[in-house]
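Enquirer: A single structure is presented below for examination.
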Amino acid sequence: MKKRNYIFTNKRHSEKAIMSTILGAISLAALGAVVFLTYRNNGEAAVGFGFTGILALVFSLVGIVLGILTVRDKNCYRLFPVLGTLLNLLALGSISLILYAGANL
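As numbered in my numbering, residues -12 to 92 make up the sequence shown, in order.
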């Protein structure tokens, strides 16, 4: 008979980490939609697109804070905190790149 090895743990997926990942995905999707719609409109961005960019900035900042707070927790799995932090950093970098490109025109 083969012996089975079981590992029992108290680790769980944190709700804050999952929220961080969701906020990062929403931020990236909103920024992608804004860039696509601005491209389809021949570079003319509506005022609502700017509001969407500001909202994506707020979402990514909140997501970074939630992700970093959860990464430091020892009783949680690491997938969602790291993924959420990376997605939000990518969204924040995209916003910075868009603002930099707009300032140089």
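Heads up, the beta-carbon is just placed ideally off N, CA and C, and yes, glycines get one too.
With distances taken from CA atoms, which of Ile82, Lys61 and Ile5 is nearest Leu53?
Expert: Locating residue 53 in the sequence shown gives position 66, where the first residue counts as 1. Among Ile82, Lys61 and Ile5, the Cα nearest to that of Leu53 belongs to Ile5.
Enquirer: Let me confirm a value: Lys(-2) is counted as buried when at least 16 other C-beta atoms fall within 10 Å, else exposed. Which label applies?
Expert: Locating residue -2 in the sequence shown gives position 11, counting from the first residue. With fewer than 16 Cβ atoms within 10 Å of its Cβ, Lys(-2) is classed as exposed.
Enquirer: Just grab the DSSP bridge partners of Arg(-1) for me.
Expert: Here residue -1 corresponds to residue number 12 of the sequence shown, with the count starting at 1. The partner list for Arg(-1) (beta bridge, DSSP) reads Cys63.
Enquirer: Pick helix, strand or coil for Ala88, following the three-state DSSP scheme.
Expert: Within the sequence shown, residue 88 is the residue found at index 101, counting from 1. Ala88: helix per DSSP, three-state reduction.
Enquirer: Considering only the beta carbon of each residue, do Ser47 and Ala78 sit closer than 8 Å?
Expert: Your numbering for residue 47 matches position 60 in the sequence shown. Your numbering for residue 78 matches position 91 in the sequence shown. The answer is yes: Cβ separation under 8 Å.
Enquirer: Among residues of its own chain, excluding the 5 on either side of Leu44, which ones have a beta-carbon nearer than 6 Å to its beta-carbon?
Expert: Within the sequence shown, numbered from 1, the residue matching residue 44 stands at position 57. The answer, listed in chain order, is Ile82.
Enquirer: State the start and end residues of the unbroken alpha helix (DSSP H) segment that holds Ile51.
Expert: Taking the first residue of the sequence shown as 1, we reach residue 51 at position 64. Counting along the chain, the alpha helix (DSSP H) containing Ile51 begins and ends at Val34 to Val58.
Enquirer: Report, in whole angstroms, the separation of the C-beta atoms of Gly11 and Asn75, which I expect to be a contact under 8 Å.
Expert: Here residue 11 refers to the residue found at position 24 of the sequence shown. Here residue 75 refers to the residue found at position 88 of the sequence shown. Confirmed, about 4 Å.
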